[in-house]
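K.L.:
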Amino acid sequence: MIGIFDSGIGGLTVVREFLKQLGGYDMIYFGDTARTPYGSKSPETVAAYACQDTDFLISKGARIIVIACNTVSSVATESIKAKYNIPVFEVITPAVELAVRMSNKYRFGVIGTRATINSGIYEYKIKQINADAKVYSAACPLLVPLVEEGWFKKRETAMIVKQYLQPLKVRQIDTLILGCTHYPLLNNIIQRKIGQRVKIIDSSAAVTEKVKNYLETHLEIDKMLSRRGQTKLFVSDVTDQFKKTAMAVLKKKVSLEHAKI
Ligand code: DGL
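Each residue of the sequence shown is one higher than the one before, counting from 144 in my numbering.
1) Quick one: grab the DSSP three-state call for residue 269.
2) To the nearest angstrom, how far is it from the Cα of residue 163 to the Cα of residue 340?
3) Is it right to say residue 160 is buried, meaning 16 or more other beta carbons lie within 10 angstroms of its own, or is it exposed?
4) Going by C-alpha distance, which of 209, 219, 380 is nearest residue 188?
5) Can you find a heavy atom of the ligand DGL that lies under 7 Å from the Cβ of residue 327?
6) If you draw a straight line from the C-alpha of residue 357 to the C-alpha of residue 232, how long is it?
7) Is it buried or exposed for residue 144, if we count other Cβ within 10 angstroms and need 16 for buried?
8) Starting from residue 148, trace the beta strand (DSSP E) both ways and give me its first and last residue.
9) Would you mind sorting residue 392 into buried or exposed? The rule is 16 or more other CB atoms within 10 Å of its CB.
10) Where does the unbroken alpha helix (DSSP H) through residue 365 begin, and where does it stop?
11) So residue 333 is in the alpha helix (DSSP H); what residue range does that whole segment cover?
12) Between which two residues does the alpha helix (DSSP H) carrying residue 285 extend?
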């Protein structure tokens, strides 16, 4: 089984991409809805939560782990890789590689949670590939709660997005990385507010591509993964609102099971 986790339900954007590209594989998702958001917590707390999330997925049979959360990817990937002896994928490297391939002017914008932006990891990774690149970042802490509430199309959301993107817009970025797995759900508003010419990089699509390539070239791992096309979704707190948002993301009826971790 492919195990995927996030601090909440934003990581379902990764599940959505996996269903498109790797739909035959069995998947298990865990969203830590009881403790979301992670983006405003300390790196130590995020790393401790992330290990508990990974333990849960492994206890249910996951043979590879996908960290569908930029916050965990930016502060806890190394702890997870050190602790577990199975393939672990994070969302940042694939997004950076795709962004650098797509950019013409190497003027990047990055938006994410406070923890992700404060970690400086996007700038570090982009500059490792191209030291002359310009990287402008903005923390957008209000966007995660708006997504969790399902406010994808509201005028208020558009106003907040505009405000957050303004400092990046004046820098004339040509590529904008959505450094949070919740943000693809605001893709239309973000594209409108940053301008149609700016390329938007979605880390969900980028990590899916990475896992797909990995499985094609690591048949010994691929062989271990069951394929009945089943997807199980677990969350640490089940509410009607989470159910509604999960259905809006996956565009189908879903059942969220409660997981005690
Ligand atoms: N989905 C998380 C991320 O990609 C953000 C949510 C949170 O702050 O917990 O960073």
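The C-beta atom is built at its ideal place from N, Cα and C for all residues, glycine as well.
P.N.:
Inspection of the coordinates gives the following:
1) helix
2) 26 Å
3) buried
4) The residue with the shortest Cα to Cα distance from residue 188 is 219.
5) no
6) 10 Å
7) buried
8) 145-149
9) Buried: at least 16 other Cβ atoms inside 10 Å.
10) 362-365
11) 330-337
12) Careful: residue 285 lies outside any alpha helix (DSSP H) and carries neither H nor E.
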